[in-house]
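Q: First, the structure itself, so that you have it in front of you.
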Amino acid sequence: MPKKVGFLYEKMCDRELILEIIRTGTRGKRKRWDVKKVVAAPEEYADKLLKMLEDGTFTPTPPKLKTIIDASSGKERTIHIVPYFPDGLVHQLCVEVMQPVLMRGMYRWSCASIPGRGNKCAGDYVRRALDRDPKGTKYCLKMDVKKYYPSISPRRLIWALARKIKDKKFLKLVYEITTSNPEGGLAIGYYINQWLANYYLETLDHFILTLPGVKHYVRNMDDMVILGPNKKQLHKVRREVEAFLNRRLGLRMKENWQVFPVKARGIDFVGYRYFRNYTIMRRRNFLRFARQCRRVRRRIEQGRPIDFHTAAGLLSRAGQLKHCDAHGIRVKYIDPIRVKRLKNVVREHSRKKAAEKAA
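Here it is, written out as structure tokens:
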């Protein structure tokens, strides 16, 4: 068993590390009012946070709840929002010091919320497996965990962390953060919880790899894809995984699990559908993309300008076409609009913003 790591809390009590987090961890958030005030006086806020940590006076702020509709899945989600100082900074510090510990022993194809292991990484794994091993990818088992974040027990999570971390002060801090959610479970919206949720299934990853019939396995947070040559064995794997989730992790598998032959239909995963010899966009994503293209074309035909947000959004969706077989879609929808036109809109907006800042 690997040696447990200690002194993580002491590493957090480093003024230079706090300043570095303020410099690098606020990128992309600097329009938020609570981030602006920290960026405007980093030395002052670094000293305040350092004193809180050294005195042990940091107390997690009760989160504000906001209900949103997740655009990618269409599901209603409750987001938990806490101020950047001190909570957001403490979350980032915790991740900074425990990231190397969590990465040690982590399954290579455990993706989501890990640098370099996003949706593209998970999708590329499925694509390679289908291309290189036709016999070993005859059948697919697709499953996920029911209400994953709200179902995680903070107490069980701390026990899991204690397998690698022996710093009681640090574990107490993480426990206080995870139990600050008034609804129970892990709060959706906390930066630290993305890492903790991914780590919580590490034992499940290693268990799945020991099961007969599992030729290829990838997990994107709680969304799991297992490929194998034998349908009966995959059904048995599904039962074993369900029992492991219930017994060891206190979780439940969602009822919509599937075992199916890959040649019959594509594997719907991370925004795409993967077939034996080609990849296409998920239907829901394609419909949004097509509607956006039609709106932009109408604007062009009417001689109306394209605003920055529309151009940036369509460029982002057009970028998804690079990772699938979409030549016909590109010719029909993107070529009449022209990518160069959209890029010019974004470029002009960036120039204006730069000029405003300089003034």
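Just so you know, we're using our numbering here: the sequence shown kicks off at 14 and counts up by one.
For glycine and all other residues, C-beta sits at the position ideal for the given N, C-alpha and C.
Owing to the predicted nature of the structure, the values given are computational and were not obtained by experimental measurement.
(1) If you draw a straight line from the C-alpha of R43 to the C-alpha of R36, how long is it?
(2) Return yes when the Cβ of A331 is within less than 8 Å of the Cβ of I313, no when it is not.
(3) Just verifying my parser: in three-state terms, what is the DSSP assignment at E253?
(4) Would you mind working out which of L355, V359, R307, R364 sits nearest K345, comparing C-alpha positions?
(5) Check whether the Cβ atoms of L328 and K356 sit closer than 8 Å, and answer yes or no.
(6) Would you call the stretch 150-162 in contact with the stretch 175-191, where contact means no fewer than 3 C-beta pairs closer than 8 Å?
(7) Assuming V139 contacts I293 under a Cβ cut-off of 8 Å, what Cβ separation, rounded to an integer in Å, is found between them?
(8) Just the C-alpha distance for G101 and F71, rounded to the nearest angstrom, thanks.
(9) Please tell me whether S123 and D218 are closer than 8 Å, where the distance is taken between their beta carbons.
(10) With a threshold of 16 other CB atoms inside 10 Å of the CB of A324, please say whether the residue is buried or exposed.
(11) Indicate whether G198 and I171 have their beta-carbon atoms separated by less than 8 Å.
(12) Please classify H229 as buried or exposed, where buried requires at least 16 neighbouring CB atoms within 10 angstroms.
(13) Beta carbon of E73, beta carbon of I201: below 8 Å?
(14) Check the DSSP bridge columns for G279 and list the partner residues they point to.
(15) Over the uninterrupted alpha helix (DSSP H) stretch that includes E33, give me the two end residues.
(16) In whole angstroms, give me the CA-to-CA distance for D146 and R121.
(17) Using a beta-carbon distance below 8 Å, is L300 in contact with chain C?
(18) Which ranges would you report for the beta strand (DSSP E) in the stretch 127-204 if only whole runs of at least 3 residues count?
(19) Could you compute how far the alpha carbon of I205 sits from the alpha carbon of K245?
(20) Give the range of the alpha helix (DSSP H) segment to which D47 is assigned.
A: Taking the structure as given:
(1) 11 Å
(2) no
(3) helix
(4) R307
(5) yes
(6) no
(7) At roughly 13 Å, the Cβ-Cβ gap does not stay under 8 Å, so V139 and I293 are not in contact.
(8) 12 Å
(9) yes
(10) buried
(11) no
(12) buried
(13) The displayed chain sequence assigns Pro, not Glu, to residue 73. The answer is no: Cβ separation not under 8 Å.
(14) In DSSP, G279 forms no bridge with anything.
(15) 28-38
(16) 19 Å
(17) Here there is only one protein chain, and chain C is not present.
(18) 152-157
(19) 39 Å
(20) 46-53
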